[in-house]
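Here's the structure, in structure tokens; my notes come after.
Protein chains: 2
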Amino acid sequence: MSAFELKNLDECLEKHLPAEELKEVKRILYGVEQDQTLELPASASTTAKENGFEIKGYRFSARPEQLRKPRLVRVGAIQNSIALPTTAPIGEQREGIWKKVKAMIKAAAEAGCNIVCTQEAWTMPFAFCTREKFPWCEFAEEAEKGPTTKMLAELAKAYNMVIVHSILERDVEHGETIWNTAVVISNSGRYLGKHRKNHIPRVGDFNESTYYMEGNTGHPVFETEFGKIAINICYGRHHPQNWMMFGLNGAEIVFNPSATIGRLSEPLWSIEARNAAIANSYFTVPINRVGTEEFPNEYTSGDGQPAHKQFGPFYGSTYVAAPDGSRTPSLSRCQDGLLVTELDLNLCRQVKDFWGFRQTQRLPLYAESLQKASELDFKPQIVREQ
Amino acid sequence: MSAFELKNLDECLEKHLPAEELKEVKRILYGVEQDQTLELPASASTTAKENGFEIKGYRFSARPEQLRKPRLVRVGAIQNSIALPTTAPIGEQREGIWKKVKAMIKAAAEAGCNIVCTQEAWTMPFAFCTREKFPWCEFAEEAEKGPTTKMLAELAKAYNMVIVHSILERDVEHGETIWNTAVVISNSGRYLGKHRKNHIPRVGDFNESTYYMEGNTGHPVFETEFGKIAINICYGRHHPQNWMMFGLNGAEIVFNPSATIGRLSEPLWSIEARNAAIANSYFTVPINRVGTEEFPNEYTSGDGQPAHKQFGPFYGSTYVAAPDGSRTPSLSRCQDGLLVTELDLNLCRQVKDFWGFRQTQRLPLYAESLQKASELDFKPQIVREQ
Numbered sequence: 001m002s003a004f005e006l007k008n009l010d011e012c013l014e015k016h017l018p019a020e021e022l023k024e025v026k027r028i029l030y031g032v033e034q035d036q037t038l039e040l041p042a043s044a045s046t047t048a049k050e051n052g053f054e055i056k057g058y059r060f061s062a063r064p065e066q067l068r069k070p071r072l073v074r075v076g077a078i079q080n081s082i083a084l085p086t087t088a089p090i091g092e093q094r095e096g097i098w099k100k101v102k103a104m105i106k107a108a109a110e111a112g113c114n115i116v117c118t119q120e121a122w123t124m125p126f127a128f129c130t131r132e133k134f135p136w137c138e139f140a141e142e143a144e145k146g147p148t149t150k151m152l153a154e155l156a157k158a159y160n161m162v163i164v165h166s167i168l169e170r171d172v173e174h175g176e177t178i179w180n181t182a183v184v185i186s187n188s189g190r191y192l193g194k195h196r197k198n199h200i201p202r203v204g205d206f207n208e209s210t211y212y213m214e215g216n217t218g219h220p221v222f223e224t225e226f227g228k229i230a231i232n233i234c235y236g237r238h239h240p241q242n243w244m245m246f247g248l249n250g251a252e253i254v255f256n257p258s259a260t261i262g263r264l265s266e267p268l269w270s271i272e273a274r275n276a277a278i279a280n281s282y283f284t285v286p287i288n289r290v291g292t293e294e295f296p297n298e299y300t301s302g303d304g305q306p307a308h309k310q311f312g313p314f315y316g317s318t319y320v321a322a323p324d325g326s327r328t329p330s331l332s333r334c335q336d337g338l339l340v341t342e343l344d345l346n347l348c349r350q351v352k353d354f355w356g357f358r359q360t361q362r363l364p365l366y367a368e369s370l371q372k373a374s375e376l377d378f379k380p381q382i383v384r385e386q
Numbered sequence: 001m002s003a004f005e006l007k008n009l010d011e012c013l014e015k016h017l018p019a020e021e022l023k024e025v026k027r028i029l030y031g032v033e034q035d036q037t038l039e040l041p042a043s044a045s046t047t048a049k050e051n052g053f054e055i056k057g058y059r060f061s062a063r064p065e066q067l068r069k070p071r072l073v074r075v076g077a078i079q080n081s082i083a084l085p086t087t088a089p090i091g092e093q094r095e096g097i098w099k100k101v102k103a104m105i106k107a108a109a110e111a112g113c114n115i116v117c118t119q120e121a122w123t124m125p126f127a128f129c130t131r132e133k134f135p136w137c138e139f140a141e142e143a144e145k146g147p148t149t150k151m152l153a154e155l156a157k158a159y160n161m162v163i164v165h166s167i168l169e170r171d172v173e174h175g176e177t178i179w180n181t182a183v184v185i186s187n188s189g190r191y192l193g194k195h196r197k198n199h200i201p202r203v204g205d206f207n208e209s210t211y212y213m214e215g216n217t218g219h220p221v222f223e224t225e226f227g228k229i230a231i232n233i234c235y236g237r238h239h240p241q242n243w244m245m246f247g248l249n250g251a252e253i254v255f256n257p258s259a260t261i262g263r264l265s266e267p268l269w270s271i272e273a274r275n276a277a278i279a280n281s282y283f284t285v286p287i288n289r290v291g292t293e294e295f296p297n298e299y300t301s302g303d304g305q306p307a308h309k310q311f312g313p314f315y316g317s318t319y320v321a322a323p324d325g326s327r328t329p330s331l332s333r334c335q336d337g338l339l340v341t342e343l344d345l346n347l348c349r350q351v352k353d354f355w356g357f358r359q360t361q362r363l364p365l366y367a368e369s370l371q372k373a374s375e376l377d378f379k380p381q382i383v384r385e386q
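This is the structure in structure tokens:
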């Protein structure tokens, strides 16, 4: 591993490339031809500064239409490290994270955000690397009635903001089962619904299949005052079919709350959510935590290396991708941050009208093909020389 | 449009970034941590120099296994401009392109390539912008018995090389219908089979739906002496399901012969084929033509601009992506070129074993979901506040 740490890839390019080259590099790499900067209110910047997190603002525009007004929505994406050591009492750990994220939600409100989303399992350290059930399962809480949803519901109502948060869920009514779940709270402060992670990793230290099963909530799209939103949780971003079903159900913005580490997935990070935005003509918001987390007991990583106590670093790099293939720069790779992005949701339909992927996708062909491929005696279509 | 032309994005980064930053940028952007350079024989470089095309060599390695030997395959990808004005006689135009590409195939043989693939509709200018049927349909030829397949079959046998080429097909036996088709010629020199483009664009000047219909050949994988290969032609790269079916049928390398232009698709180019490599644990080889083509009669582009005669520039930028998410640099954006890449096909299974996407993809869920979404009375899964 290089000793040198790059805090932000985009800032590195901006620093070193001459203006003309930079402009072309940004167009080719990011699909960006104009200044994307969104001016943020001083109050939001002050809150960020006082609480020690980065805040960045960008915007995507759409062409004016004659029959529809612009549908401008501001989306806030929050990436953060944990607040207290993992040896602190569970309640205090959660309170500590609540406190720092509440300040970020306040800044999001000050920046005019209509929808905010957290990172995956945001109330806790990502302890699944340990394979220990205790005390970590104590972080699980009910999606609708748990303390975190309750706390956020008040903020949602006070700020008139939809809040999406991704937690470890305990389904008390159904056998105390544990799930990886995103909860949607309406700007009315009411619980709108939940979605459970569809694809569970079995890779590296992501021992999540030890804790919970594949989600059973389908691919719900939540119709909010600020657009139709969905959540593709973490490892689901590796599966184009998961992204596709949210699109077929009508999503305009799909959040991807994640927790992922550098050596494993970083070269994939800028590709997958952006490809999903392109293929499905919607906005995507991949969010990843930051920092390195240290656990009380040592564990091994199945990679031949000695036992250790650390997990990470999580590389942050939260960004937003648009249906036309353009994207924002990333937040920092190592610092807490709030990414505020103004979207014109009209862009989704405009890109559908222009590119036509929704019309050229031949759904019946693939429904039939996947059905055949699902059968035990599936014979792949292979051509051999006679 | 910027007056400044960037010949190659990768060379621009290499020129301006300090060594430490460049190393991290390459790791994050391209998933590359070691030197990828493949030394090429002097004869290949000489052929390239004499014939005025770029030649580059890269390699991907895999970990050593105990029970399987490395399965090293060299793949050649050819990008080129047309040779003569589009006003020249059709036969001469084709001969002109044959001549320059034959030299590139010779260089590929000298570089030890086992499989070579051309760009889309390689024997002709990309005249579909014009919507004129004549004389352009004269470029169409039979997949199995056409003059181009015949010419290439001799090279395939002489060089012991599988050749994939993408042409305008005329199906003489079935109503003289026209198709966009990739033909696979075995290294024995025999015709192995064909695949017809599954997804036909309706965007920009890509008026292909005026000429041919959606392909009816499914998603064949061709089992060759050098691995299992498939072809996703051009616009099919925007459809993750198309990529997926080649994977489910067992492909290890999927070529993407293309013809696409800058303002339309360039920010998507580095994303889609690479995402497919990741999602399906195979290698992808997106190939795009270069140059600007001028047609005899003016045509309009449906964009409010005056009628004109040019189509392009096609931006080249051919590259190879690996199942682990890494990729090679691109060929030039504006010059003929041959990209030689050595792959260890063992990497496909290794990545499947490591990441497990093939096991976590929940095919039956999506077979059922796509079936429902295909029905006329499909009701999207939408959650609304009561």
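For the record, the sequence lines run as chains Y and Z.
The letter at position 12 of the first sequence is residue 12 when you use full-length UniProt numbering, and the numbering goes up by one with no holes.
The letter at position 142 of the second sequence is residue 142 when you use full-length UniProt numbering, and the numbering goes up by one with no holes.
Built from N, CA and C at the ideal position, the CB exists for glycine as well.
Since the model is a prediction, treat every value here as computed from it, not as a measurement.
Residue-level contact to chain Z via CB, residue i, 8 Å cutoff
i, result
"L376 of chain Y", "no"
"I382 of chain Y", "yes"
"N232 of chain Y", "no"
"C348 of chain Y", "no"
"F283 of chain Y", "no"
"C12 of chain Y", "yes"
"A158 of chain Y", "no"
Residue environment, residue i, which counts as buried when at least 16 other CB atoms sit within 10 Å
i, result
"H308 of chain Z", "exposed"
"Q36 of chain Z", "buried"
"H219 of chain Y", "buried"
"residue 399 of chain Z", "Outside the modelled stretch of chain Z, which goes from 1 to 386, sits residue 399 of chain Z, for which no answer is possible."
"N232 of chain Z", "buried"
"residue 402 of chain Y", "Within the shown structure, residues of chain Y are numbered from 1 to 386, placing residue 402 of chain Y beyond reach of any answer."
"L376 of chain Y", "exposed"
"E342 of chain Z", "buried"
"P89 of chain Z", "exposed"
"T149 of chain Z", "buried"
"Q310 of chain Z", "exposed"
"G76 of chain Z", "buried"
"R263 of chain Y", "exposed"
"E169 of chain Z", "buried"
"H174 of chain Z", "exposed"
Residue from the options with nearest C-alpha to residue i
i, options, result
"R74 of chain Z", "Z:Y159, Z:W136, Z:R63", "Z:Y159"
"P313 of chain Y", "Y:F60, Y:D336, Y:Y366", "Y:D336"
"R71 of chain Z", "Z:I233, Z:K228, Z:S332, Z:Y315", "Z:K228"
"residue 420 of chain Y", "Y:V383, Y:A321, Y:T300, Y:N198", "Shown here, chain Y extends from 1 to 386; a query on residue 420 of chain Y therefore has no answer."
"A140 of chain Z", "Z:F255, Z:V290, Z:Y212, Z:N216", "Z:Y212"
"N114 of chain Z", "Z:D303, Z:K145, Z:G189, Z:Y315", "Z:G189"
"E39 of chain Z", "Z:A373, Z:R59, Z:Q359", "Z:R59"
"W122 of chain Y", "Y:K145, Y:Q305, Y:I82, Y:A111", "Y:I82"
"D200 of chain Y", "Y:M244, Y:I178, Y:V184", "A small correction: the amino acid at residue 200 of chain Y is Ile; Asp does not occupy that position in the sequence shown. Ranking Y:M244, Y:I178, Y:V184 by Cα distance to I200 of chain Y puts Y:I178 first."
"N256 of chain Y", "Y:V172, Y:A42, Y:P267, Y:N242", "Y:N242"
C-beta neighbour in chain Y for residue i, strict 8 Å
i, result
"N207 of chain Z", "no"
"P364 of chain Z", "yes"
"V25 of chain Z", "yes"
"L339 of chain Z", "no"
"E20 of chain Z", "yes"
"M213 of chain Z", "no"
"L17 of chain Z", "yes"
"N288 of chain Z", "no"
Beta strand (DSSP E) segment containing residue i, residue limits
i, result
"K228 of chain Z", "227 to 231"
Element boundaries [alpha helix (DSSP H), containing residue i]
i, result
"A182 of chain Z", "Unbroken run through A182 of chain Z is the beta strand (DSSP E), 177 to 185; no alpha helix (DSSP H)."
"Y235 of chain Y", "First-last for Y235 of chain Y: undefined, no H or E at that position."
"I28 of chain Y", "19 to 30"
"F354 of chain Z", "346 to 355"
"R263 of chain Y", "262 to 280"
Looking at C-beta atoms only, is the number of pairs between the segment 41 to 57 of chain Z and the segment 106 to 122 of chain Z that lie closer than 8 Å three or more? Three or more Cβ pairs closer than 8 Å define a contact, and the segment 41 to 57 of chain Z meets that threshold against the segment 106 to 122 of chain Z.
Mind the definition here: the segment 183 to 199 of chain Z touches the segment 345 to 356 of chain Y only if three or more C-beta pairs lie below 8 Å; say whether that holds. Using a C-beta cut-off of 8 Å, the segment 183 to 199 of chain Z makes no contact with the segment 345 to 356 of chain Y, since fewer than three inter-stretch Cβ pairs fall below that distance.
Does the pairing of the segment 314 to 322 of chain Y with the segment 260 to 278 of chain Y give three or more beta-carbon distances under 8 Å? Here the segment 314 to 322 of chain Y lies against the segment 260 to 278 of chain Y, with 3 or more beta-carbon pairs under 8 Å apart.
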